[in-house]
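> Questions regarding the structure given below will be posed in turn.
Number of protein chains: 2
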Amino acid sequence: MRTLKVALLGCGVVGTEVARIMTTHAADLAARIGAPVELAGVAVRRANRPRPGIADELITTDATELVKRDDIDVVIEVIGGIEPARSLILTAFDHGASVVSANKALLAADGSALHAAAASAGADLYYEAAVAGAIPLLRPLRESLAGDKVNRVLGIVNGTTNFILDKMDSTGAGYSEALEEATALGYAEADPTADVEGFDAAAKAAILAGIAFHTRVTAADVFREGLTEVTAADIASAKAMNNIVKLLAICERSADGSSVTARVHPAMIPRTHPLASVRGAYNAVFVESEAAGQLMFYGPGAGGAPTASAVLGDLVAVCRNKLAGSTGPGESAYAQLTVSPMDGVVTRYHVSLDVADKAGVLAQVATVFAEHGVSIDTVRQQGREGDASLVVVTHRATDAALSATVSALRNLDNVRGVASIMRVEGE
Amino acid sequence: MRTLKVALLGCGVVGTEVARIMTTHAADLAARIGAPVELAGVAVRRANRPRPGIADELITTDATELVKRDDIDVVIEVIGGIEPARSLILTAFDHGASVVSANKALLAADGSALHAAAASAGADLYYEAAVAGAIPLLRPLRESLAGDKVNRVLGIVNGTTNFILDKMDSTGAGYSEALEEATALGYAEADPTADVEGFDAAAKAAILAGIAFHTRVTAADVFREGLTEVTAADIASAKAMNNIVKLLAICERSADGSSVTARVHPAMIPRTHPLASVRGAYNAVFVESEAAGQLMFYGPGAGGAPTASAVLGDLVAVCRNKLAGSTGPGESAYAQLTVSPMDGVVTRYHVSLDVADKAGVLAQVATVFAEHGVSIDTVRQQGREGDASLVVVTHRATDAALSATVSALRNLDNVRGVASIMRVEGE
Ligand SMILES: NC(=O)c1ccc[n+]([C@@H]2O[C@H](COP(=O)([O-])OP(=O)(O)OC[C@H]3O[C@@H](n4cnc5c(N)ncnc54)[C@H](OP(=O)(O)O)[C@@H]3O)[C@@H](O)[C@H]2O)c1
Ligand SMILES: NC(=O)c1ccc[n+]([C@@H]2O[C@H](COP(=O)([O-])OP(=O)(O)OC[C@H]3O[C@@H](n4cnc5c(N)ncnc54)[C@H](OP(=O)(O)O)[C@@H]3O)[C@@H](O)[C@H]2O)c1
Chain A
1 MRTLKVALLG
11 CGVVGTEVAR
21 IMTTHAADLA
31 ARIGAPVELA
41 GVAVRRANRP
51 RPGIADELIT
61 TDATELVKRD
71 DIDVVIEVIG
81 GIEPARSLIL
91 TAFDHGASVV
101 SANKALLAAD
111 GSALHAAAAS
121 AGADLYYEAA
131 VAGAIPLLRP
141 LRESLAGDKV
151 NRVLGIVNGT
161 TNFILDKMDS
171 TGAGYSEALE
181 EATALGYAEA
191 DPTADVEGFD
201 AAAKAAILAG
211 IAFHTRVTAA
221 DVFREGLTEV
231 TAADIASAKA
241 MNNIVKLLAI
251 CERSADGSSV
261 TARVHPAMIP
271 RTHPLASVRG
281 AYNAVFVESE
291 AAGQLMFYGP
301 GAGGAPTASA
311 VLGDLVAVCR
321 NKLAGSTGPG
331 ESAYAQLTVS
341 PMDGVVTRYH
351 VSLDVADKAG
361 VLAQVATVFA
371 EHGVSIDTVR
381 QQGREGDASL
391 VVVTHRATDA
401 ALSATVSALR
411 NLDNVRGVAS
421 IMRVEGE
Chain B
1 MRTLKVALLG
11 CGVVGTEVAR
21 IMTTHAADLA
31 ARIGAPVELA
41 GVAVRRANRP
51 RPGIADELIT
61 TDATELVKRD
71 DIDVVIEVIG
81 GIEPARSLIL
91 TAFDHGASVV
101 SANKALLAAD
111 GSALHAAAAS
121 AGADLYYEAA
131 VAGAIPLLRP
141 LRESLAGDKV
151 NRVLGIVNGT
161 TNFILDKMDS
171 TGAGYSEALE
181 EATALGYAEA
191 DPTADVEGFD
201 AAAKAAILAG
211 IAFHTRVTAA
221 DVFREGLTEV
231 TAADIASAKA
241 MNNIVKLLAI
251 CERSADGSSV
261 TARVHPAMIP
271 RTHPLASVRG
281 AYNAVFVESE
291 AAGQLMFYGP
301 GAGGAPTASA
311 VLGDLVAVCR
321 NKLAGSTGPG
331 ESAYAQLTVS
341 PMDGVVTRYH
351 VSLDVADKAG
361 VLAQVATVFA
371 EHGVSIDTVR
381 QQGREGDASL
391 VVVTHRATDA
401 ALSATVSALR
411 NLDNVRGVAS
421 IMRVEGE
């Protein structure tokens with residue numbers, strides 16, 4: 001029986017765990033695959049770091065040379081980022097290897113080209129670990145729901161921002177303070193931009209929307225708003241309404257079925273919603289489909305071992321396919337639905353205004369909402385010396401209508417400022 | 001491009017929905033499979049019932065003749081029960097067809113023989129719908145977690161009993177009253193035995209344990225206790241401890257890893273546990289594995305359309321394999337772990353005793369627990385005229401130690417009876 005050879009690109013948080021489990025669980029992997037798998041090389045950037053458990057002669061800093069080796073059956077890419085990951089994966093396909101990757105940024109930017117390269121090479125490209133870490137999500141969407149029609153995917157797919165929002169909610173801390181704690185505890189990276197500005201979640205939303213709707217969706221198609229503008233006042237206001245603020249990724253099919261949208265932004269959801277209780281760095285994703293109804297998937301969204309679990313699940317699948325001389329399902333983009341911009345998205349809004357504390361202001365504000373066809377659900381008024389705040393929660397309206405309303409509100413003399421606008425979801 | 005032909009065996013709750021979706025979503029299924037699929041025949045028991053949406057000439061009462069047709073690529077078995085389902089599936093394999101089934105009873109009784117027949121025919125046997133309805137669970141366990149080591153599967157896998165327990169909890173109703181309501185609302189069948197005695201959940205536990213532990217487990221290996229003995233007093237006692245009673249299926253690897261157990265029984269879990277909030281006919285399953293940590297899967301556990309969603313996901317996979325000339329992963333039972341009986345299972349217990357209201361009874365009872373090595377966590381004593389009740393909650397102990405303790409308690413003069421024994425889980 002032949003041994004399958006695996007090249008590991010990257011040996012950081014995830015790669016170290018992949019290598020460890022491949023070694024410690026070699027017998028189980030062999031039994032499940034039907035042939036032994038062997039780590040044939042490990043590419044890193046810095047040659048001279050200690051890599052416990054990995055034989056020195058496996059380490060190389062020349063990743064390109066490693067993926068060009070013709071004895072490599074599967075390449076695991078856990079370097080991250082666009083380049084050199086992209087070129088390395090394409091080279092791997094050129095040399096007949098299948099690829100397992102955890103790289104959401106790359107898949108969301110250029111997934112179709114990579115899938116095309118895999119298909120023309122007769123190779124597999126699997127990336128379960130790229131979305132929601134350990135949680136089996138892409139395989140269920142792609143395979144278990146292959147006979148169903150998914151209408152909506154809604155979830156918490158970034159642990160760093162969930163940790164920050166959780167802190168703000170439980171301690172009343174402001175955004176900067178909560179971010180500092182997340183950084184100190186290792187939940188946020190030194191440069192937290194990708195997480196807090198929503199880039200990471202947007203990449204995941206693009207991948208989810210693409211698979212759920214059988215349509216090409218890239219990160220550029222995803223509306224994205226991070227949580228840097230979320231204030232302690234927003235969190236408190238959410239609390240007052242028995243809501244909680246979460247950074248959500250939402251992929252939806254339009255009511256008429258002809259288009260889809262994908263967006264990432266902070267949103268208020270009821271505290272009774274199952275996503276409200278997702279704590280710390282956990283992830284959870286709801287999938288709504290026509291026949292299955294509402295499904296939820298929950299688990300660790302990141303971390304070395306959880307992410308390695310997803311990578312190794314893909315490794316087993318890809319190796320089985322290799323031995324069978326087949327490939328798994330590739331990209332499915334036959335539906336070619338239009339990916340619509342944010343304007344047409346329909347949801348509810350929480351709008352917080354600083355207004356002059358005068359008679360008639362509420363009537364003025366209400367008129368502006370009405371003129372733009374945005375119907376008001378509730379208004380809460382809080383008076384202070386000379387000025388006041390108005391918190392308006394709307395019924396469902398399009399993003400375009402809400403934006404026009406807000407522009408008009410800014411032009412009212414009695415509106416001193418729009419303190420915050422937040423979407424209200426999950427009801 | 002050739003058309004794949006499907007024989008549908010059974011056209012009841014599930015089969016009707018399978019046929020409907022195959023017709024209404026034919027174009028999507030064809031695009032996802034890569035070839036059209038056609039319903040080539042539908043076997044039922046009663047020929048002369050209206051079958052809306054299904055052409056009369058497709059209906060037959062001769063299922064055997066249908067599965068013997070050599071143009072059938074895939075057989076979907078949604079008849080249920082052991083025979084004739086078993087023989088029909090074996091005949092299907094003999095004639096080269098792959099099989100998709102929703103039949104937990106059959107798979108739990110005889111899964112290995114069916115898998116062996118599929119393997120020797122070079123055909124697929126898929127049955128995602130057999131456990132937890134629409135929830136993608138078997139595919140994630142078998143494939144997504146193929147590189148991980150599952151240590152525990154714990155869940156609510158029977159909607160009927162969950163509905164009954166939910167009613168008892170929310171209204172204070174007794175078991176019979178809650179069952180009556182479940183029957184009236186269509187949540188329980190006319191003969192509810194399979195559900196309320198835990199047979200249905202035990203079949204699912206056997207299937208889950210087999211896949212999770214790569215070991216053959218049949219329904220006969222599963223310890224099974226239904227909920228017919230659960231009283232309103234048990235529910236109230238659970239409430240008093242801020243717990244809730246659920247019928248759980250639990251599959252566990254022993255601490256030393258050499259054996260596994262599978263069991264189904266009512267248990268108290270904390271109200272703060274995520275399974276506590278699983279309402280009505282929903283199902284939810286926790287999976288704990290070494291690398292991934294704790295995952296949860298949640299969704300509709302039954303119903304025509306949800307179950308059909310799972311069946312059709314399998315249909316797409318099996319059809320793709322057919323076209324590729326390959327087969328998916330078959331039975332994986334290489335680990336051959338011992339399936340241990342209940343004696344060695346370690347958990348906590350809630351023991352409710354009717355005792356004489358005399359001085360020294362508590363000391364006597366406590367001595368019996370101590371003599372059997374079962375350590376007591378809390379005791380609650382309630383006095384009534386002349387007699388009293390004692391509710392003892394233990395620390396973790398083996399089932400054998402608890403059973404021996406209870407036998408000894410029954411022999412105490414001052415113990416008038418053991419009102420109930422319930423396991424305490426999820427802490
Ligand atoms: N961490 C998580 O929880 C998580 C979760 C889900 C998905 N992911 C994804 O998994 C991937 C890896 O993440 P990570 O957290 O493991 O990253 P990491 O800890 O930063 O590790 C990156 C690894 O890549 C190596 N590397 C960098 N540039 C290289 C080059 N040009 N050639 C060869 N090797 C190079 C680094 O080498 P040195 O060791 O020499 O620095 C390091 O071993 C990313 O795509 C990430 O988005 C991570
Ligand atoms: N219902 C659920 O929510 C659910 C959920 C998960 C799994 N399942 C599983 O799915 C399977 C089907 O369940 P179901 O609820 O759809 O059952 P059902 O409503 O009782 O339907 C059974 C079907 O099988 C047909 N049938 C019975 N004996 C037959 C025979 N000898 N030859 C040919 N056809 C025969 C019946 O014909 P007639 O129509 O003429 O009576 C009927 O169409 C079972 O294995 C069940 O455990 C069901």
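Heads up: the sequence lines are chains A and B, in that order.
Residue numbers are given in the UniProt record's numbering: position 171 of the first sequence equals residue 171, and the series is strictly consecutive.
Residue numbers are given in the UniProt record's numbering: position 68 of the second sequence equals residue 68, and the series is strictly consecutive.
Each residue gets a CB set at the ideal place from its N, CA and C atoms; glycine is no exception.
1. For B/T347, report the span of its beta strand (DSSP E) as first-last.
2. Less than 8 Å between the beta carbons of A/V75 and A/A97, yes or no?
3. I want to check one thing, is the minimum distance from the CB of B/A284 to the heavy atoms of ligand 2 below 7 Å?
4. Whose C-beta lies closer than 6 Å to the C-beta of B/I79 among residues of the same chain, with five residues either side of it excluded?
5. Comparing C-alpha positions only, which one of B/N242, B/S258, B/A267 sits nearest to B/L248?
6. With a CB to CB cut of under 6 Å and the five nearest residues on each side skipped, what residues in its chain are close to B/G417?
7. Any beta carbon of chain A sitting closer than 8 Å to that of B/Q294?
8. If the cut is a Cβ gap below 7 Å, which residues of chain A does B/V316 touch?
9. Contact criterion: CB-CB distance below 8 Å. Does B/H25 meet it with respect to chain A?
10. Please determine whether the Cβ atom of A/I21 lies at a distance below 7 Å from any heavy atom of ligand 1.
11. Run down chain A in chain order and give the residues with a C-beta less than 7 Å from the C-beta of B/S326.
12. Could you give the first and the last residue of the continuous beta strand (DSSP E) run that contains A/C251?
13. Using a cut-off of 7 Å between C-beta atoms, extract the partners of A/E77 located in chain C.
14. Report buried or exposed for B/N283, applying the criterion of at least 16 other Cβ atoms within 10 angstroms of its Cβ.
15. Kindly list the residues whose CB is nearer than 8 Å to the CB of A/R348, restricted to its own chain and excluding five residues on each side of it in sequence; keep chain order.
16. Under 8 Å between C-beta atoms, does A/A35 make it to chain B?
17. Consult DSSP for B/Q364 and reduce its assignment to one of helix, strand or coil.
18. Residues in its own chain within less than 8 Å of residue 429 of chain B by CB, not counting five upstream and five downstream?
19. Identify every run of the beta strand (DSSP E) within the segment 314 to 338 of chain B, keeping only runs that are complete inside it and at least 3 residues long; order them along the chain.
20. Measure the alpha-carbon distance for B/D169 versus B/R279 and round it to whole angstroms.
21. Out of curiosity, what's the CA-to-CA distance linking A/S309 and A/V18?
22. Would you kindly work out how many angstroms separate the C-alpha atoms of B/R32 and B/A401, rounded to a whole number?
23. For the beta strand (DSSP E) that A/T394 lies in, which residues bound it at each end?
24. Check whether the Cβ of B/I89 lies closer than 7 Å to any heavy atom of ligand 2, and answer yes or no.
25. What is the residue span of the beta strand (DSSP E) that B/A9 lies within?
26. Is DSSP giving A/A291 helix, strand or coil here?
27. Distance cutoff 8 Å, beta carbons only. Does A/G299 sit that close to anything in chain B?
28. Please confirm whether any heavy atom of ligand 2 lies closer than 7 Å to the CB of B/N103.
29. I'd like to confirm something about A/L9: is its beta-carbon nearer than 7 Å to some heavy atom of ligand 1, or not?
30. With a cut-off of 8 Å, do at least 3 Cβ pairs link the segment 359 to 366 of chain A to the segment 378 to 392 of chain A?
31. Between the alpha carbons of A/I72 and A/G15, how many angstroms are there, rounded?
32. State yes or no: is the C-beta of A/I54 nearer than 7 Å to some heavy atom of ligand 1?
33. Check the C-beta distance from residue 471 of chain A over to A/N414 and give it rounded, since I have them as a contact under 8 Å.
34. Can you list, in chain order, the residues of its chain with a C-beta nearer than 7 Å to that of B/E290? Leave out the 5 residues immediately preceding and following it.
35. In chain B, which residues lie with their C-beta within 7 Å of the C-beta of A/Y334?
36. Quick one: which unbroken alpha helix (DSSP H) runs of 4-plus residues sit fully inside the segment 188 to 220 of chain B? Chain order, please.
Per the coordinate set shown:
1. As a working mapping, residue 347 of chain B is identified with position 347 in the second sequence. From DSSP, the beta strand (DSSP E) with B/T347 extends over 346 to 356.
2. Indexing the first sequence from 1 puts residue 75 of chain A at position 75. Indexing the first sequence from 1 puts residue 97 of chain A at position 97. Taking a C-beta distance under 8 Å as the contact criterion, A/V75 and A/A97 qualify as a contact pair.
3. Position 284 of the second sequence holds residue 284 of chain B. Ligand 2 never approaches B/A284 closely enough for any of its heavy atoms to be under 7 Å from the residue's Cβ.
4. As a first step, residue 79 of chain B must be located in the second sequence, where it is residue number 79. If we look at B/I79 and ignore the five residues flanking it on each side, its Cβ neighbours are L9, G10, A85.
5. Reading the second sequence from its first residue, position 248 is the one you call residue 248 of chain B. Shortest Cα-Cα distance from B/L248 to any of B/N242, B/S258, B/A267 involves B/A267.
6. Looking up residue 417 of chain B in the second sequence gives position 417. So the qualifying residues of the chain are D354.
7. As a position in the second sequence, residue 294 of chain B is number 294, starting the count at 1. For B/Q294, the answer is yes, since a Cβ of chain A falls inside 8 Å of its Cβ.
8. As a working mapping, residue 316 of chain B is identified with position 316 in the second sequence. In chain order: A146, G147.
9. Counting from 1 along the second sequence, the entry for residue 25 of chain B is found at position 25. Interface residue, yes.
10. By 1-based counting over the first sequence, the position of residue 21 of chain A is 21. Flag unset: Cβ of A/I21 not near ligand 1.
11. As a working note, residue 326 of chain B is residue 326 in the second sequence. Correct list: A324, S326.
12. Along the first sequence, one-based indexing puts residue 251 of chain A at 251. Secondary structure note for A/C251: its beta strand (DSSP E) is the uninterrupted segment 243 to 253.
13. Checking the listed chains, one finds no chain C in this structure; the protein chains it contains are A and B.
14. Your numbering for residue 283 of chain B matches position 283 in the second sequence. Classification for B/N283: buried.
15. Working through the first sequence from its first residue, we reach residue 348 of chain A at position 348. Within the same chain, A/R348 has close Cβ partners D377, V393, T394, H395, R396, A397, R423, V424, E425, E427.
16. In the first sequence, the residue the question calls residue 35 of chain A occupies position 35. No, no contact with chain B.
17. Taking the second sequence and counting its residues from 1, the one referred to as residue 364 of chain B is at position 364. B/Q364 falls in the helix class under three-state DSSP.
18. With chain B covering 1 to 427 only, the question about residue 429 of chain B has no answer from this structure.
19. You should have found no qualifying run.
20. As a working note, residue 169 of chain B is residue 169 in the second sequence. As a working note, residue 279 of chain B is residue 279 in the second sequence. When only Cα atoms are considered, B/D169 and B/R279 end up about 11 Å apart.
21. As a first step, residue 309 of chain A must be located in the first sequence, where it is residue number 309. As a first step, residue 18 of chain A must be located in the first sequence, where it is residue number 18. The straight-line gap separating the alpha-carbon atoms of A/S309 and A/V18 is approximately 8 Å.
22. Along the second sequence, read from residue 1 onward, the residue named residue 32 of chain B stands at position 32. Along the second sequence, read from residue 1 onward, the residue named residue 401 of chain B stands at position 401. For the pair B/R32 and B/A401, the Cα-to-Cα distance works out to about 55 Å.
23. For the purposes of this step, residue 394 of chain A is identified with residue 394 of the first sequence, where counting begins at 1. Unbroken beta strand (DSSP E) run through A/T394: 387 to 394.
24. Start at 1 with the first residue of the second sequence, and residue 89 of chain B comes out as number 89. B/I89 Cβ: outside cutoff for every heavy atom of ligand 2.
25. As a first step, residue 9 of chain B is located in the second sequence; it is residue number 9 there, counting from the start. Note that residue 9 of chain B corresponds to Leu in the displayed sequence, not to Ala. DSSP places B/L9 in the uninterrupted beta strand (DSSP E) bounded by 4 to 9.
26. Position 291 of the first sequence, counted from the first residue, corresponds to residue 291 of chain A. Correct three-state label for A/A291: coil.
27. Along the first sequence, read from residue 1 onward, the residue named residue 299 of chain A stands at position 299. Judged by the 8 Å Cβ criterion, A/G299 is in contact with chain B.
28. Here residue 103 of chain B is taken as the residue at index 103 of the second sequence, counted from 1. At least one heavy atom of ligand 2 falls within 7 Å of the beta-carbon of B/N103.
29. Sequence index remark: in the first sequence, residue 9 of chain A carries index 9 (1-based). At least one heavy atom of ligand 1 lies less than 7 Å from the C-beta of A/L9.
30. Short answer: they touch.
31. Locating residue 72 of chain A in the first sequence gives position 72, where the first residue counts as 1. Locating residue 15 of chain A in the first sequence gives position 15, where the first residue counts as 1. Linking A/I72 to A/G15 through their CA atoms gives a straight-line distance of about 17 Å.
32. The sequence position of residue 54 of chain A within the first sequence is 54, counting from 1. For ligand 1, no non-hydrogen atom lies closer than 7 Å to the CB of A/I54.
33. The structure shown has nothing for residue 471 of chain A, since chain A only spans 1 to 427.
34. Against the second sequence, residue 290 of chain B aligns to sequence position 290. Excluding residues within five positions, the ones whose Cβ falls inside 7 Å are D148, K149, N151.
35. To locate residue 334 of chain A, count along the first sequence from 1; it is residue 334. Near A/Y334 (Cβ distances below 7 Å), the residues of chain B are A31.
36. Whole alpha helix (DSSP H) segments, 4+ residues: 193 to 196, 199 to 213.
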